Amino acid sequence: MSTINQHIYLISDSTGETVSTIARSIYARFENINFIENKWALIRTEKQIDNITEGIIGKPGIVLYTMINLKLENYLKIKCNEIKVSAHNVLDNTINKIKEFYEINPDGGQIPGKQHSLSEDYFARIESLQYAIANDDGQRNLNLEKADIIFFGVSRTSKTPTSIYLANQGYKVANIPFVLNQNLNLSDISKRTLVIGLFASPERLQQIRTSRLQSLKENRSTNYVDIDALKKEIEEAKKICARNKWSTIDVTKKSIEEIAATALEYLKIFKSKKLYNDEKKK
Numbered sequence: 011m012s013t014i015n016q017h018i019y020l021i022s023d024s025t026g027e028t029v030s031t032i033a034r035s036i037y038a039r040f041e042n043i044n045f046i047e048n049k050w051a052l053i054r055t056e057k058q059i060d061n062i063t064e065g066i067i068g069k070p071g072i073v074l075y076t077m078i079n080l081k082l083e084n085y086l087k088i089k090c091n092e093i094k095v096s097a098h099n100v101l102d103n104t105i106n107k108i109k110e111f112y113e114i115n116p117d118g119g120q121i122p123g124k125q126h127s128l129s130e131d132y133f134a135r136i137e138s139l140q141y142a143i144a145n146d147d148g149q150r151n152l153n154l155e156k157a158d159i160i161f162f163g164v165s166r167t168s169k170t171p172t173s174i175y176l177a178n179q180g181y182k183v184a185n186i187p188f189v190l191n192q193n194l195n196l197s198d199i200s201k202r203t204l205v206i207g208l209f210a211s212p213e214r215l216q217q218i219r220t221s222r223l224q225s226l227k228e229n230r231s232t233n234y235v236d237i238d239a240l241k242k243e244i245e246e247a248k249k250i251c252a253r254n255k256w257s258t259i260d261v262t263k264k265s266i267e268e269i270a271a272t273a274l275e276y277l278k279i280f281k282s283k284k285l286y287n288d289e290k291k292k
């Protein structure tokens with residue numbers, strides 16, 4: 011039987027990890043369908059849902075979601091009902107919903123865990139991890155043009171853990187620290203690669219850095235934790251981002267998963283703009 015293409019929409023008001031993980035396990039049950047995945051995370055407003063459902067109209071497919079906010083969940087179901095698309099909470103019986111929507115039976119002989127076998131995706135993640143480690147904290151800055159995302163920011167703004175987290179999902183991520191009076195030139199690379207500045211409040215940075223020094227049993231009376239020095243670092247780093255028109259994320263109250271999800275939303279926008287600009291040049 012030939013493979014058919016079907017759109018599927020993954021929506022979450024959190025990081026989207028749960029719905030993505032469940033969706034991947036579902037895909038393995040339908041080997042004759044090539045699911046074209048469209049994912050939105052950190053959905054916070056009805057306007058965002060409006061934009062998503064408007065885009066679904068031309069490319070219908072089932073909507074799978076996880077929603078903590080019940081008001082937004084109800085609004086999503088209403089909007090999907092208006093465009094006659096099935097919306098389903100993935101914590102319910104998802105396989106039956108997909109079976110009904112696409113009018114196809116799951117493969118009866120599917121071996122549990124088959125989707126986790128070694129594949130191109132597995133080796134891509136290994137390669138991404140190697141890339142993230144080689145380009146951590148500006149150590150070597152190898153092949154930056156191959157990065158999907160480059161993080162830039164002052165010390166202790168979650169650049170490394172977020173890079174590793176995204177590498178585990180197959181994204182090549184480099185991170186470069188801000189250093190006062192550094193000669194940083196990413197103007198050419200940032201035309202082709204997304205650069206994101208990571209920032210936190212001076213108070214939060216001071217807290218994290220002080221804890222870091224305590225764990226290393228080092229002197230705490232340094233510019234590394236001085237609040238005025240921190241403010242200057244942040245101000246100068248923000249100037250660089252503004253001058254280069256780079257996207258930024260305030261990580262003060264964000265988990266690694268939330269930072270990563272926001273970065274991927276920025277990447278989606280960056281790629282669509284780049285595609286548009288490339289088309290205009292033709």
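This note's numbering applies: residue 11 is where the sequence shown begins, and numbers increase by one. The beta carbon of each residue, even a glycine, is placed where N, CA and C say it ideally should be. Only a predicted model underlies this, so the values are computations on that prediction, with no experimental measurement involved.
Return the chain-ordered ranges of every beta strand (DSSP E) run that is complete within the stretch 157-184 and spans a minimum of 3 residues. 159-163
Would the stretch 34-44 and the stretch 270-284 be scored as touching if the rule is three or more Cβ pairs under 8 Å? no
Output the distance between the C-alpha atoms of Leu128 and Val29, rounded to the nearest integer angstrom. Working through the sequence shown from its first residue, we reach residue 128 at position 118. Working through the sequence shown from its first residue, we reach residue 29 at position 19. No answer about Leu128 holds up, because its pLDDT of 42 lies below 50 and its placement is not dependable.
Output the distance between the C-alpha atoms of Leu86 and Ser168, rounded to the nearest integer angstrom. For the purposes of this step, residue 86 is taken as the residue at position 76 of the sequence shown. For the purposes of this step, residue 168 is taken as the residue at position 158 of the sequence shown. Taking the straight line joining both Cα atoms gives about 32 Å.
Taking contact to mean 3 or more Cβ pairs, one atom from each stretch, closer than 8 Å, check whether the stretch 186-206 and the stretch 133-143 are in contact. no
Comparing C-alpha positions only, which one of Ile78, Asn233, Lys94, Arg54 sits nearest to Glu64? As a working note, residue 64 is residue 54 in the sequence shown. Checked all of Ile78, Asn233, Lys94, Arg54; the closest Cα to Glu64 is Lys94.
Between the stretch 168-181 and the stretch 227-241, are three or more C-beta pairs nearer than 8 Å? no
Beta strand (DSSP E) segment containing Val73, residue limits: To locate residue 73, count along the sequence shown from 1; it is residue 63. It spans 71-76 - the beta strand (DSSP E) in which Val73 sits, taken as one unbroken run.
Please classify Pro171: is it buried, with 16 or more other beta-carbons within 10 angstroms of its beta-carbon, or exposed? The residue you call residue 171 lines up with position 161 of the sequence shown. Burial call: exposed.
Beta carbon of Thr258 nearer than 8 Å to that of Gly180: Against the sequence shown, residue 258 aligns to sequence position 248. Against the sequence shown, residue 180 aligns to sequence position 170. Contact: no.
With Asn91 as the anchor, note down where its alpha helix (DSSP H) starts and where it stops. The sequence position of residue 91 within the sequence shown is 81, counting from 1. 80-92 is the extent of the alpha helix (DSSP H) around Asn91.
Rounded to whole angstroms, what's the CA-CA distance from Glu47 to Gln16? Just pull it up for me. Within the sequence shown, the letter at position 37 stands for residue 47. Within the sequence shown, the letter at position 6 stands for residue 16. Roughly 9 Å between the two C-alpha positions.
Check whether the Cβ atoms of Lys182 and Asp158 sit closer than 8 Å, and answer yes or no. Position 172 of the sequence shown, counted from the start, is the residue given in the question as residue 182. Position 148 of the sequence shown, counted from the start, is the residue given in the question as residue 158. Yes, Cβ-Cβ distance for Lys182 and Asp158 is below 8 Å.
Kindly provide the ranges of any beta strand (DSSP E) runs that are 3 or more residues long and lie completely inside the stretch 217-282, ordered along the chain. 257-260
Please identify the residue among Ile72, Ile78, Thr76 whose C-alpha is closest to the C-alpha of Glu113. On the sequence shown, position 103 is the one that residue 113 refers to. Ranking Ile72, Ile78, Thr76 by Cα distance to Glu113 puts Ile72 first.
Identify every residue that forms a DSSP beta bridge with Phe40. What you label residue 40 is simply residue 30 of the sequence shown in a count that begins at 1. Partner(s): none; Phe40 has no beta bridge.
Which one of Val100, Leu204, Ser165 has the shortest CA to CA distance from Ala247? Locating residue 247 in the sequence shown gives position 237, where the first residue counts as 1. Residue Ser165 is the option with its Cα nearest to Ala247.
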